[in-house]
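Residue numbers (the numbering used here), protein chains in the order written: chain D, 5 to 486; chain F, 5 to 486.
Note that beta-carbon positions come from the ideal geometry of N, C-alpha and C, so glycine has one too.
On a predicted model such as this, the values are computed, not experimentally measured, just so you know.
Set out below in structure tokens:
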């Protein structure tokens, strides 16, 4: 679209903190004022309001279709897990027990065994798999569930870290280690595609260090997204368990050769955190900027001088046509000034705004404004639907490229602890050599408040550990993180 | 479709209890053997397996689209509710406190206030509404959530009554009593349409007695479905709260006239119980019979003598065409006899089976068998897609009519307690006059193990109470119930 006008209204009313001055306050202001979310009555909980839940529904629909296309089926496992299940896998209980919420009473009586509200479902799903799987013919098992989980957290923020959150957790069982590892990597690749194609967020994927891996996993692979402030947000993980859980839960199958063998398992998850990632990857001084694929409202129509010259009728006509073309559109016919409406819908991150006034109708045109670049163009009314559909694709692509360019400029290399500190202080991801020892990893945390996000050895391992100077075994991306 | 053949294989292998001899055992056998569901590790919980969850997904998708079409938006409210919230509405706490599961510890420490796992969300949603609603401009609020809830039950059965279940709960706020009542009745009507059009289950709707109404409601309206054994299953409810909850939770708005007023609220819900209703309304001696609109698999293709004459290729071609036509189709190419496959898919309730063998291909035909009537017909391959789509609609309509005819024959009238007893013993719904007093209602329960399902005064109230002989105030449907 040839944008001939500049849409950036200098007089916009600032209802939110300055994104450059105080990013944390900007985030809080934006999520509350756009009515994405509210604080729940219990500390650390959130209420996902209709505008925020619509984002989650769009994410779910897109992701669920992708899962189904590769043979994953959905199921639902119980919320409550006997505490004893956790103790079957030693690392797992150590990792999750401290965060668990526990039901001790129910139906007016004390329970014989306390029950955990699932923080993750490996243990209960493993128990069921052990019952269901008999033979190699039953493998692979590829099941996902969409549900709520609970992890009691000390510091919480809406979408980013709350005691209860919504997620999907996939749990698979395979006959061989190779197949389970293949699945682990396949799902990581699916997540990466999803983040880029749907959320318009470029991500870096790789193996986690021992310190950062999931409790009970042989290996965890993470997907890291850079936020506007240069911090990293882990937006999804995929775990390879080897036989850890199949041995703990007796997931065995009779193989073709007539012998009983333990299966190999994987699990992988993404959550409502992704909404936080979208907010902090794309937002600007005016508020939210949604990629069209997940925007609750893709197009907002604002009538100008609505009482005159058939404006309302033309808006309704356009809205119907857009709906028929599969566009999520709303018309704002409230009795208030167009300027206030522009402000509000910009803050709410709607990708495209259409303005129609009496003069536009006379000229057979409407004005189309895009949220991502503030570009504005006049478009003939009879070509508006086609133009808007093109524009939505263009915005989706542009947002990814813009994020990618921003991120790529903010990945630096360091050869010393001081270099790592300077790098993260400059709001960068820092690549550095690492000897592989826990002490060096902890030192980065203490000194730079940064953690090892992923390893990217495939890029070539530096000669020396940036922290201790000994020979490096890995190339690591260090960053401060949400 | 002209069904020229009879498909009822006399040799079918009976893996499930006799539906006429032992309906309860038949139900348990069917839900477990078709892999709809399994028992969870904690007493009273269920695991909804992929085949069962697909039914729920189909129900959700259909119902959710209907909600959205009438302006309802989805949101998500927290699972955990402070116990003190329940005590704000006196009847509500009395009704739900005994069934609640309570979290007393979390994050390794004892909580200051115990938290209930939501048995229903009026209290927490009311708390948020009080915060969100300021002015008449904010009304009506029409919000729904899809979530899990928990009610600690003593006797449980998969789908019908489990401690945890999945449901949707809509919660609305209105400026006037009339609007809130209109909404209550609108949603009841929506549920009825859904039950009939989607589940193919005819339902009776009406007001509940004081004894049977929701704890805290001014009035509850229920939707009752007759199961094959003549018992009733409450498949959905819609509640009018008047100002009970708005006063308890301070849901107030500033009206046009400048005064602060309490809103009027409603709530309405349906759950995974509906899956139980479908099983027990349509099943037969061979197992499940799914209405096409919610069947996880609508068409199963079974190749006969698959190794010969391009059978597999033809099956794959047909499957692709059906998928493209929006039909949920699977091909069973397992290495076992077609007869065993027929048995299994009949038990699993798949509406249509297609058989293709080498001779069929030579003749350019396939055999199409319907699950509901066991009718079988030969259809030209080049018209198969069209025929199958027609047939799916026909089956959907036929199942509703068949259920309706069966039910209508089993509604009787009674003029005495003995008449009520005989009626329900004969597996009927029994219509009778009722004076309106609790004693008579309790007497029916004691004597006939039946409860007042709904009132249907609009049909004309009988002169006398069938129980005590005093003047009747209502006409009631008594039935045994799930």
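What are the boundary residues of the alpha helix (DSSP H) that residue i is part of?
{"i": "residue 37 of chain F", "result": "27-37"}
{"i": "residue 54 of chain D", "result": "54-73"}
{"i": "residue 2 of chain D", "result": "The structure shown does not extend to residue 2 of chain D, since chain D is modelled only from 5 to 486, so the question has no answer here."}
{"i": "residue 402 of chain D", "result": "388-412"}
{"i": "residue 451 of chain D", "result": "442-452"}
{"i": "residue 362 of chain F", "result": "362-367"}
{"i": "residue 426 of chain D", "result": "421-429"}
{"i": "residue 226 of chain F", "result": "Note, residue 226 of chain F: premise wrong, no alpha helix (DSSP H); beta strand (DSSP E) at 223-230."}
Taking 8 Å as the cut-off, decide whether the C-beta atoms of residue i and residue j are in contact.
{"i": "residue 154 of chain F", "j": "residue 173 of chain F", "result": "no"}
{"i": "residue 282 of chain D", "j": "residue 205 of chain D", "result": "yes"}
{"i": "residue 146 of chain D", "j": "residue 137 of chain D", "result": "no"}
{"i": "residue 456 of chain D", "j": "residue 428 of chain D", "result": "no"}
{"i": "residue 291 of chain F", "j": "residue 350 of chain F", "result": "yes"}
{"i": "residue 245 of chain D", "j": "residue 275 of chain D", "result": "no"}
{"i": "residue 226 of chain D", "j": "residue 458 of chain D", "result": "yes"}
{"i": "residue 374 of chain F", "j": "residue 395 of chain F", "result": "yes"}
{"i": "residue 162 of chain F", "j": "residue 119 of chain F", "result": "no"}
{"i": "residue 361 of chain D", "j": "residue 315 of chain D", "result": "yes"}
{"i": "residue 388 of chain D", "j": "residue 322 of chain D", "result": "yes"}
{"i": "residue 150 of chain F", "j": "residue 64 of chain F", "result": "yes"}
{"i": "residue 121 of chain F", "j": "residue 107 of chain F", "result": "yes"}
{"i": "residue 414 of chain F", "j": "residue 432 of chain F", "result": "yes"}
{"i": "residue 379 of chain D", "j": "residue 299 of chain D", "result": "no"}
{"i": "residue 188 of chain D", "j": "residue 242 of chain D", "result": "yes"}
{"i": "residue 34 of chain D", "j": "residue 280 of chain D", "result": "no"}
{"i": "residue 257 of chain D", "j": "residue 139 of chain D", "result": "yes"}
{"i": "residue 23 of chain F", "j": "residue 289 of chain F", "result": "yes"}
{"i": "residue 31 of chain F", "j": "residue 284 of chain F", "result": "yes"}
Start and end of the beta strand (DSSP E) containing residue i?
{"i": "residue 256 of chain F", "result": "256-258"}
{"i": "residue 86 of chain D", "result": "84-86"}
{"i": "residue 459 of chain D", "result": "455-459"}
{"i": "residue 236 of chain D", "result": "236-246"}
{"i": "residue 434 of chain D", "result": "433-438"}
{"i": "residue 146 of chain F", "result": "145-154"}
{"i": "residue 2 of chain D", "result": "Outside the shown range of chain D, which is 5 to 486, sits residue 2 of chain D, and nothing can be said about it."}
{"i": "residue 210 of chain D", "result": "207-211"}
{"i": "residue 42 of chain F", "result": "41-43"}
{"i": "residue 482 of chain D", "result": "478-483"}
{"i": "residue 18 of chain F", "result": "Note, residue 18 of chain F: premise wrong, no beta strand (DSSP E); not H, not E."}
Tell me whether residue i is buried or exposed, calling it buried when 16 or more other Cβ atoms sit within 10 Å of its Cβ.
{"i": "residue 347 of chain D", "result": "buried"}
{"i": "residue 255 of chain D", "result": "buried"}
{"i": "residue 132 of chain F", "result": "buried"}
{"i": "residue 367 of chain F", "result": "exposed"}
{"i": "residue 400 of chain F", "result": "buried"}
{"i": "residue 29 of chain F", "result": "exposed"}
{"i": "residue 336 of chain F", "result": "buried"}
{"i": "residue 340 of chain D", "result": "exposed"}
{"i": "residue 295 of chain D", "result": "buried"}
{"i": "residue 141 of chain F", "result": "exposed"}
{"i": "residue 364 of chain D", "result": "buried"}
{"i": "residue 359 of chain D", "result": "buried"}
Could you name the residues of the same chain whose beta carbon sits closer than 8 Å to that of residue i, not counting the 5 residues immediately before and after it, in chain order?
{"i": "residue 467 of chain F", "result": "437, 475, 476"}
{"i": "residue 77 of chain F", "result": "146, 147, 148"}
{"i": "residue 157 of chain D", "result": "48, 103, 165, 166, 167"}
Return the chain-ordered list of same chain residues with a C-beta closer than 7 Å to the C-beta of residue i, the five sequence neighbours on each side being excluded.
{"i": "residue 440 of chain F", "result": "477, 478"}
{"i": "residue 235 of chain D", "result": "483, 484, 485, 486"}
{"i": "residue 199 of chain F", "result": "205, 207, 227, 229, 239"}
{"i": "residue 123 of chain D", "result": "100, 103, 104, 153, 154, 155"}
{"i": "residue 217 of chain D", "result": "223, 224"}
Could you name the residues of the same chain whose beta carbon sits closer than 6 Å to that of residue i, not counting the 5 residues immediately before and after it, in chain order?
{"i": "residue 471 of chain D", "result": "421, 444, 447"}
{"i": "residue 160 of chain F", "result": "48, 166"}
Which runs of the alpha helix (DSSP H), 4 residues or longer, sit entirely within the segment 320-352 of chain D?
List check, alpha helix (DSSP H) in window: 342-351.
With a floor of 4 residues, list each alpha helix (DSSP H) that falls wholly inside the segment 92-130 of chain F, ordered by position along the chain.
Listed in chain order, the complete alpha helix (DSSP H) runs (minimum 4 residues) inside the segment 92-130 of chain F are 94-100.
Sequence ranges, beta strand (DSSP E) only - wholly within the segment 250-324 of chain D, length at least 3:
Within the segment 250-324 of chain D, the complete beta strand (DSSP E) runs of at least 3 residues are 256-258, 264-266, 268-275, 303-307.
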